[in-house]
Amino acid sequence: MRAEAAEARIASLEAALVTRSRPERKQQACRYFRRYGHCRRGYMCTFAHEENVATLRQKLAAKEREVAALQRFGKLRSEMKANIAKVEEEMKIKYAKANSLDLVIAMDCTESMSRWIDSAKSSIIEIITNVKTDHPRAKVRVGFVAYRDFCDGANRLQLHQLTEAIESVRHFISKLGAFGGGDGPEDIQGGLEQVLKMDFQADAKRLVLVADAPCHGNEFHSMKDDQHYASQIRASPNIRTQMRELCYKGIDFTFIEIVPNDTAKMVAILQEEYKSAQSLDGLEREFLKISLANSGDHVRFATVVHGSASSSLSASKARSVLASSKKALGIPSRAPTRPGLVGIAEEGSEEKVAPVSSSAPLAAPSVEPLEWTSLERRRTVSAVRHSFHFRPGEPIDWSKLNLKHTTQRTTIRVLPTCFAKGTMRSAHAMYDCTMKKRLVAKFYFGKAAKMSSSSSACQRNDVEMQTVAKQLATEFSLHPEVEDAVDFIFTCWYEIEDPVAVGLHPAMKMFTAEPFIEGEYKKYNNNNGWVNEKILPLSDSAQAFSHFTWQKTYGQLLVVDLQGVGGVFTDPQIHALQESQFGHGNLSMAGMTAFFATHKCNSVCKTLQLSPFNADDEENSGKDDDTKEETKAIKDKVMTCSCPLCGSITTQLHSAFIDAHATGRDMYCDDCTTRVNTRETKTCVVCGKENLFSPYWYDMKGMEHPTTCKWCKT
């Protein structure tokens, strides 16, 4: 609504308020109309269909806040447009460096790796050609490190330095032979040492490590090292230190596993070390593990390396946009010391790495296949379920959210082993005995656990972001013009009274929980301006949704980091003007500017009349207005939702979703609908009349059962 229309509405509300406030008005008002804004009896009703003074004052205050928000939004739009212009100018200067890549392939070249050497030789030129197709005018340099083992003497390490002459790299690989190796483990540390000595210059850096055997060191495998080379093994660089050094230098890492049973333990340690460090610019780098363990998978080598390299270039451009956004806003870029490299041994000193702090980080739990039936044998433990809700009927002030925090005592069963593991959190099977629902419990591990698992503020942040994103997704999907509706998983957090009693670590006292979604996760954007350029089924809706959240909240919030299965997203990040909100991932105005600097309005943006910033988008938008093309009919699709009571995944027609919300109803899953419709009678403490209510609804909301009927409450 424009400011003029809002001001006109204020004038009518003020006039109504004066009329309603006159003492001579004695006619009794319709209580049903007061509560719901309409009356089922219509003109047959004998009571006055008018709102009371208190309600009118509330509406007037809300409308005045809306006008003020619109006025501020106008200024924010002007500031954003000016900032984007500055970012675009800065990007013209930085683009060449951001569009440059240094790619190094480190490969085990022992006897069992001949097929992989051949794949690298035959595909290296194709890989770089495809990368340059993805990123026109990209400058790409390639290096290669062949490693074997100590028994191979002078042939233990062979390398080609980074160069743009890709043909010379291909020729180098073609001369390599697959031989040697000795014992099971190989000299990966020696290979990484050569990688770290290379002259990395590009903003985008990627190391692809290809191995079918682990590194030396008993902690990384269950094999035996050859004791003939014990002194050389002891003198090897510390691979934990090397992984942190790779992250610090901003080198993305891809591990291609060929025999997972032999390398899984090592890779888990390498990933933990890499993720425990921090890059020089303070921005996240990528650790990928890709399995090519099946017979014939060597033919996929080119696809994997191409995808990894292209991903590094896309991320480099996004980081450059964020850096330019910060510069446009006068925010200093982060240049930390080496916090992730605490305790790195000096050359010639003992290889042992000093602990990061006096208390070791919580180790990642072991991963086992998901078996829900295992929960039946687990002991129950008391817990408190926490959730956030928007207050029904209360206008939302996006600059000062007023969410209702509710709690519910319950008992749960949870498995100490996880069925999946990310870089910071592990996913565990869980059962809530009160709700009678299977859920996924998400625990932080590693260094993140020390900051998050025992802190209610971190859990609150995670759940608050999900709640706000879910509300905005509802607003987005209520537009009938939106063909592909979206939703967010309903999430809560739990606090266990005695985690040790059910086999959990004492630090695993708090965790978030959400329903299990089966399917392949897709990521559409992140929190520093990166946009997935692949054509995915929901790409337009996802990017338009992020744009919508900024306009809907009058520039106060922007929901990004969109990922999920189908139309149900999870784990978003919210940029807010108030920097104290939503944790460390909230980049505030810099994050918002980075998003709009890379965002290109699509058909969904135009359908929802979202204001563009890009000059081309503005020009195209104007053309659409001039031509007045007939709007095509939108197909009534089935949308996937997360039940706002229990979180279960359910499906419904988009039109049914819109109709339900138009009459003030939420759409629940079948089980919750049945249980909500099971009513009980309670006597109103004011009027003495019998009052029907749903105990299940109040219990799931964490609210006390009502003591008054709805009329007396009004």
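Start counting the sequence shown at 1; every next residue gets the next number (full-length UniProt numbering). Cβ coordinates follow ideal geometry from the N, Cα and C atoms, glycine included.
Discussion item. Taking the beta carbon of His221 as the centre, do at least 16 other beta carbons fall within 10 Å, making it buried, or is it exposed?
Written reply: The Cβ neighbour count for His221, taken over all protein chains shown within 10 Å, is at least 16; the residue is labelled buried.
Discussion item. To the nearest angstrom, how far is the alpha carbon of Glu90 from that of Leu587?
Written reply: 19 Å
Discussion item. Suppose contacts are defined by Cβ-Cβ distances below 9 Å. Is Cys458 in contact with Gly583 by that definition?
Written reply: yes
Worksheet item: Pro395 to Leu288, Cα distance in whole Å?
Response: 44 Å
Discussion item. Short of 7 Å in beta carbon distance, which residues of its chain neighbour Gly340, apart from the five on each side in sequence? Order them along the chain.
Written reply: Summary for Gly340: the model assigns pLDDT 37, below 50, so the residue's position carries little reliability; its value from the coordinates is reported in the next sentence. The residues are Arg244, Cys247, Tyr248, Ser276, Ala277, Gln278.
Item to complete: Kindly indicate which three-state DSSP category Met465 falls into: helix, strand or coil?
Response: helix
Fill in: Expected contact under 8 Å - CB spacing of Phe388 and Val463 to nearest Å
6 Å
Item to complete: State the CB to CB distance for the pair Arg413 and Leu375, rounded to an integer number of angstroms; the pair is presumed to be in contact (CB under 8 Å).
Response: Your pair Arg413 and Leu375 checks out as a contact, with CB atoms roughly 5 Å apart and the cut at 8 Å.
Discussion item. Assuming Ala202 is part of the beta strand (DSSP E), what are its boundary residues?
Written reply: Neither: Ala202 is in no beta strand (DSSP E) and is coded neither H nor E.
Worksheet item: With respect to the alpha helix (DSSP H) encompassing Gly307, which residues constitute its N-terminal and C-terminal limits?
Response: 301 to 328
Discussion item. Counting beta carbon pairs with one atom in the region 402 to 411 and one in the region 472 to 488, are three or more of them shorter than 8 Å?
Written reply: no
Worksheet item: Among residues of its own chain, excluding the 5 on either side of Ile166, which ones have a beta-carbon nearer than 7 Å to its beta-carbon?
Response: Ile124, Ile125, Ile128, Val142
Practice prompt. Could you tell me the boundaries of the alpha helix (DSSP H) in which Asn261 lies?
Written response: 260 to 276
Worksheet entry | Residue range of the beta strand (DSSP E) that includes Ile412 | 404 to 414
Discussion item. Just verifying my parser: in three-state terms, what is the DSSP assignment at Gln556?
Written reply: coil
Worksheet item: Nearest-angstrom Cα distance between Lys600 and Thr241?
Response: Roughly 41 Å between the two C-alpha positions.
Worksheet item: Which term fits Ala354, buried or exposed, when burial requires 16 or more other beta carbons within 10 angstroms of its beta carbon?
Response: Interpretation of Ala354 is limited by its pLDDT of 35, a score under 50 that renders its predicted location unreliable; the figure taken from the coordinates is listed afterwards. Ala354 should be labelled exposed.
Worksheet item: Which partner residues does Ser642 have in the DSSP bridge list?
Response: Ile649
Worksheet item: Considering Met510, what are the terminal residues of the beta strand (DSSP E) in which it resides?
Response: 510 to 514
Discussion item. To the nearest angstrom, how far is the alpha carbon of Val486 from that of Ala178?
Written reply: 51 Å
Practice prompt. If I'm right that Phe445 touches Ala429 with Cβ under 8 Å, what's the distance once you round it to whole angstroms?
Written response: Not quite, the Cβ-Cβ distance comes to about 16 Å (not below 8 Å), so this is no contact.
Item to complete: Throw me the rounded Cβ distance for the Asp252 and Lys205 pair, which I believe falls under 8 Å.
Response: Indeed they touch by this definition, with Cβ atoms about 6 Å apart.
Worksheet item: Is DSSP giving Val685 helix, strand or coil here?
Response: Annotated three-state conformation of Val685 is coil, per DSSP.
Worksheet item: What number of angstroms, rounded off, separates the C-alpha of Leu403 from the C-alpha of Arg391?
Response: 7 Å
Fill in: residue 729 to Phe490 span [Cα, whole Å]
The question about residue 729 has no answer, for the chain in this structure spans 1 to 714.
Worksheet item: Does any CB atom of chain D fall closer than 9 Å to the CB of Gln278?
Response: The structure shown has no chain D; it contains just one protein chain.
Discussion item. Could you compute how far the alpha carbon of Arg679 sits from the alpha carbon of His505?
Written reply: One Cα belongs to Arg679, the other to His505, and the distance between them is close to 41 Å.
Practice prompt. Within its chain, find whatever has a CB closer than 7 Å to the CB of Ser456; leave out the 5 residues flanking it on each side and keep chain order.
Written response: Met510
Worksheet item: With distances taken from CA atoms, which of Gly296, Arg234, Leu101 is nearest Asp199?
Response: Leu101
Discussion item. With H, G and I counted as helix, E and B as strand and the rest as coil, what does DSSP make of Gly180?
Written reply: coil
Item to complete: Below 8 Å on the Cβ atoms is my guess for Leu329 versus Ala590; work out the distance and round it to an integer in Å.
Response: 6 Å
Worksheet item: In the structure shown, what three-state DSSP assignment does Thr674 receive?
Response: helix
Worksheet entry | Leu196 versus Phe144: straight-line alpha-carbon distance, rounded | 12 Å
Worksheet item: Going by C-alpha distance, which of Leu478, Met107, Thr406 is nearest Lys552?
Response: Leu478
Worksheet entry | Cβ neighbours of Lys713 in the same chain (closer than 6 Å, five flanking residues each side left out) | none
Discussion item. Tell me the rounded alpha-carbon separation between Asn99 and Ala211.
Written reply: One C-alpha to the other measures close to 29 Å.
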